[in-house]
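One structure is given here, and the rest of the page talks about it.
2 protein chains.
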Amino acid sequence: MRRNDLNIALLAGGVGGARAARAIAAGIRPENLTVIANVGDDEEIYGLHISPDIDSIVYTLAGLEGPAGWGRKGDTFEAMDALTELGVDSTFRLGDRDLALNLHRTLRLREGEMLSTVTASIAKELGIETVILPATNDRVPTMVEIESGEISFQDYFVLRQAQPDIKALRFSGAEQASPAPGVRAAIESSDIVVIAPSNPPLSIWPILAIGGMAESLEAAETVVAISPLVGGKPVKGPTDRVMTNLGFEVSHAGVAACYEGLLSPMIVDANPPEADPPAGLEAIVADTMMNTPETGTAFGEWFATLW
Amino acid sequence: MRRNDLNIALLAGGVGGARAARAIAAGIRPENLTVIANVGDDEEIYGLHISPDIDSIVYTLAGLEGPAGWGRKGDTFEAMDALTELGVDSTFRLGDRDLALNLHRTLRLREGEMLSTVTASIAKELGIETVILPATNDRVPTMVEIESGEISFQDYFVLRQAQPDIKALRFSGAEQASPAPGVRAAIESSDIVVIAPSNPPLSIWPILAIGGMAESLEAAETVVAISPLVGGKPVKGPTDRVMTNLGFEVSHAGVAACYEGLLSPMIVDANPPEADPPAGLEAIVADTMMNTPETGTAFGEWFATLW
Chain B
1132 MRRNDLNIAL LAGGVGGARA ARAIAAGIRP ENLTVIANVG DDEEIYGLHI
1182 SPDIDSIVYT LAGLEGPAGW GRKGDTFEAM DALTELGVDS TFRLGDRDLA
1232 LNLHRTLRLR EGEMLSTVTA SIAKELGIET VILPATNDRV PTMVEIESGE
1282 ISFQDYFVLR QAQPDIKALR FSGAEQASPA PGVRAAIESS DIVVIAPSNP
1332 PLSIWPILAI GGMAESLEAA ETVVAISPLV GGKPVKGPTD RVMTNLGFEV
1382 SHAGVAACYE GLLSPMIVDA NPPEADPPAG LEAIVADTMM NTPETGTAFG
1432 EWFATLW
Chain Y
1132 MRRNDLNIAL LAGGVGGARA ARAIAAGIRP ENLTVIANVG DDEEIYGLHI
1182 SPDIDSIVYT LAGLEGPAGW GRKGDTFEAM DALTELGVDS TFRLGDRDLA
1232 LNLHRTLRLR EGEMLSTVTA SIAKELGIET VILPATNDRV PTMVEIESGE
1282 ISFQDYFVLR QAQPDIKALR FSGAEQASPA PGVRAAIESS DIVVIAPSNP
1332 PLSIWPILAI GGMAESLEAA ETVVAISPLV GGKPVKGPTD RVMTNLGFEV
1382 SHAGVAACYE GLLSPMIVDA NPPEADPPAG LEAIVADTMM NTPETGTAFG
1432 EWFATLW
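The listed protein sequences correspond, in order, to chains B and Y.
Count along the first sequence from 1, add 1131, and you get the number used in the working numbering.
Count along the second sequence from 1, add 1131, and you get the number used in the working numbering.
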């Protein structure tokens, strides 16, 4: 059963964000969901403007996502093999079909279009009804400080496979950046703002750091976070290590602390059922696994009945 | 038998140019051949700098060429299919591996490298010993005037499949352009300059139109053209139609007229054996088919014994 009357804005990044978008879109009218995507991971690779978080959301909502949650299902890697043959470091693997999307986006951006316009057009071509907005059209690259100095996000995440300890994060240009057209309106006019079960520091903080975003969230009626921890661990990715590095407890309370002052209720997984509910914050216990379309639909339909 | 002491500069464009490069490289030491490639066909497509003639030469010399003489053997077209899915007109088909080469070139050009440097590096990575030089590092797009107005070369050649009648050709920017580093030296210091059996107006004229090229060719001791006509017709492509459109007879004499004043001897095919040898020009009769590596080697070895 869908709730046709509910409007939701979702702050999302990474695979957790894409899966939450799919889940929530299954519980309401898809076009009543606006996904506000992290663009701190965006980078120039092979001369292409890559937007990994937007693309995970696009591919997942189009049913085209790769098995690991990024890239395209069944994609081939002929172009990467050819780059290797030409002596190019192709550690950052883009499938051939994925490459085409990146090429198309890059060309349109070079022609002067905004990232939000290009994203909307790609989503439309792929039959997606949910609104997908980059958090900003400006460049706000997340810079990761590790022992040896500051590196780019993709250097940290892909080339070094998220192995180095993080000493600090810098959301370069974020304060001066403006939310993309429609972002503030979606946050301020939705019935609920949801923070996806993404990596809080890596995927959500870069969104929150954008100029004016904090004010918009304060104006929102209800902001609810879905904790990315299940059984005390992240479903996917280095969330636990990153949180520990940055001085947060790996717990629902630690997640809540990452969003200090923002949340009304919080959704926490039933496993373990009563592990550290965040102090002073209503915790709604649920089965938060949404890694498949089926578990996602179950979560989304349940979630929509809460409000 | 190779002639180890002979240095040749080859003016080349199109598939005929690539096959002539392979043939002649088989008759001498490959590194003693300098191929000077037409770049009038270069264009920006999908935001990529394509250099079709350079790439035909590169792929053919690396033994990677597609069956029609362009693109890569066994290449896949996943990226093109994905572009189509995104609503992009992908009539200009670039295979996935070919796309990677174009992406690599484009990035390096954007970073400020010269086309000649990038080309040399690509050739080296693919194990090519022959020197491949773009005729110029400048932009000299061939513009094609047809009934409806002036269009780009790729619009004429690929999108309209070389069907429209040509009223005139314009080698935009050619006069102001400079030959790429090494081009003049190769022409002036080689024992022979060969004009490949390419389309004279479309593939060779854009090279000849570059500033200083005429002077270099006048300084060359021997300039020999291989006629692209076999049995009175071009082996491949619209050479006959283009020559007719521009007022040239489709004959060896017509080809010689396209290079008026430049040639010493001319190589003409034995089929038909005595068809219209160009007036006042020594015609050396041979089997000029070089469409396979085997026929190419036969031609190249014979050719090298001539001098």
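C-beta atoms are modelled at their ideal positions from N, C-alpha and C, and glycine is treated no differently.
Since we're looking at a predicted model, the values are computed, not measured.
Exercise. For Arg1315/Y, collect the residues of the same chain with a Cβ closer than 6 Å to its Cβ; drop the 5 residues on either side in sequence, then sort them by chain order.
Key: Ser1347
Worksheet item: Is there at least one Cβ from chain C nearer than 7 Å to Leu1230/Y's Cβ?
Response: Any reference to chain C falls outside this structure, whose protein chains are B and Y.
task = Let me know the alpha helix (DSSP H) ranges lying completely inside the segment 1236-1265 of chain Y, each 4 residues or longer, listed in chain order.
result = Qualifying alpha helix (DSSP H) stretches, in chain order: 1246-1256.
Can you tell me whether Ser1182/Y is buried or exposed? The criterion is at least 16 other CB atoms within 10 Å of its CB, across all chains shown.
Residue burial is scored here from C-beta neighbours: Ser1182/Y has at least 16 other C-beta atoms within 10 angstroms and is therefore classed as buried.
Item to check | For Leu1142/B, the three-state DSSP class (helix, strand or coil) | outcome: strand
> Which residue or residues does DSSP assign as beta-bridge partners of Leu1164/Y?
Replying inline: Ile1139/Y
Note to self: Between which residues of its own chain and Thr1237/B is the CB-CB distance below 6 Å, once the five residues before and five after are set aside?
What the structure shows: Answer for Thr1237/B: Leu1179 and His1180, listed in chain order.
request  = Starting from the Cα of Glu1196/B, find the closest Cα among Asp1418/B, Leu1377/B and Ala1152/B and give me that residue.
outcome  = Ala1152/B
| Sorted by chain position, which residues of the same chain lie with C-beta nearer than 6 Å to Ala1293/Y's C-beta, five sequence neighbours on each side aside? | Pro1369
| query | Can you give the beta carbon distance from Asp1360/Y to Ala1387/Y, rounded, assuming they're within the 8 Å contact cut? | reply | Here residue 1360/Y turns out to be Leu, not Asp, going by the sequence shown. The distance from the Cβ of Leu1360/Y to that of Ala1387/Y is about 11 Å, inconsistent with a contact at the 8 Å cut-off.
### Query
Is Asp1286/Y helix, strand or coil when you go by DSSP?
helix
**Report entry** Of the residues Arg1301/B, Glu1276/B, Thr1375/B and Glu1256/B, the one placed nearest Arg1270/B, counting alpha carbons only
**Finding:** Arg1301/B
Rounded to whole angstroms, what is the Cα-Cα separation between Ala1350/Y and Met1211/Y? 46 Å
Note to self: Check this for me: beta carbons of Ala1299/B and Glu1276/B, under 7 Å apart or not?
What the structure shows: A contact, by the Cβ cut-off of 7 Å.
So which of Ala1384/B, Tyr1390/B, Ala1356/B and Thr1375/B has the shortest CA-CA distance to Ala1345/B? Tyr1390/B
Next on the checklist: For Pro1403/B, tell me which candidate among Arg1150/B, Pro1265/B, Ala1417/B and Met1397/B has the shortest Cα-Cα distance.
Outcome noted: Ala1417/B
>> Residues of chain Y with CB closer than 8 Å to the CB of Gly1178/B, please, in chain order.
In response: Per Cβ cutoff of 8 Å: Leu1234, Thr1237, Leu1238 and Arg1241.
Check the Cβ of Glu1174/Y against every Cβ in chain B and list those closer than 7 Å, keeping chain order.
Within chain B, no residue comes near Glu1174/Y; the closest Cβ sits about 14 Å away, beyond 7 Å.
Review point. Quick one: which chain Y residues come within Cβ less than 8 Å of Thr1207/B?
Key: Thr1207, Glu1209 and Asp1227
Open item on the list: Rounding to the nearest angstrom, what Cα-Cα distance links Pro1198/Y and Met1274/Y in this structure?
Closed with: 28 Å
Worksheet entry | Residue range of the beta strand (DSSP E) that includes Val1325/Y | Ile1323 to Ile1326
Practice item. Tell me whether Trp1336/B is buried or exposed, calling it buried when 16 or more other Cβ atoms sit within 10 Å of its Cβ. Key: buried
Exercise for review: Starting from Met1374/B, follow the alpha helix (DSSP H) in both directions and report where the run begins and ends.
Suggested key: Thr1370 to Asn1376
Residues near Ser1329/B in its chain [Cβ-Cβ closer than 7 Å; skip 5 each side] | Ala1143, Gly1144, Gly1145, Gly1147, Gly1148, Ile1335 and Pro1359
request  = Determine the chain B residues that contact Ile1253/Y at a beta-carbon separation under 7 Å, and present them in chain order.
outcome  = Leu1217
Review point. When you compare only the Cα positions, how much space is there between Ala1231/Y and Thr1222/B?
Key: 14 Å
**Request:** Determine the DSSP secondary structure at Ala1414/Y, reduced to helix, strand or coil.
**Result:** strand
Check: Distance, Cα to Cα, Leu1164/Y vs Ala1340/B?
Finding: 59 Å
Alpha-carbon to alpha-carbon, Asp1286/B and Ser1103/B: Any answer about residue 1103/B is impossible in this case: the structure gives chain B only from 1132 up to 1438.
>> Taking a contact to mean a Cβ-Cβ separation below 7 Å, would you say Gly1427/B touches Ala1157/B in this structure?
In response: The answer is yes: Cβ separation under 7 Å.
*Among Val1373/Y, Asp1371/Y, Ile1338/Y and Gly1385/Y, nearest to Pro1265/Y - alpha-carbon criterion*: The candidate whose alpha carbon is nearest that of Pro1265/Y is Ile1338/Y.
Is Ala1305/B close to chain Y, meaning its C-beta is less than 7 Å from at least one C-beta of that chain? no
Review point. With respect to the alpha helix (DSSP H) encompassing Leu1214/B, which residues constitute its N-terminal and C-terminal limits?
Key: Glu1209 to Glu1216
| task | Please state if the CB of Val1366/B and the CB of Pro1396/B are separated by a distance shorter than 7 Å. | result | no
Given Leu1217/Y as reference, the closest of Ala1254/B, Ala1154/B and Gly1171/B once Cα atoms are compared:
Ala1254/B
**Q.** Identity of the residues DSSP links to Met1397/B by a beta bridge
**A.** In the DSSP secondary-structure assignment, Met1397/B is bridged to Ala1356/B and Ala1414/B.
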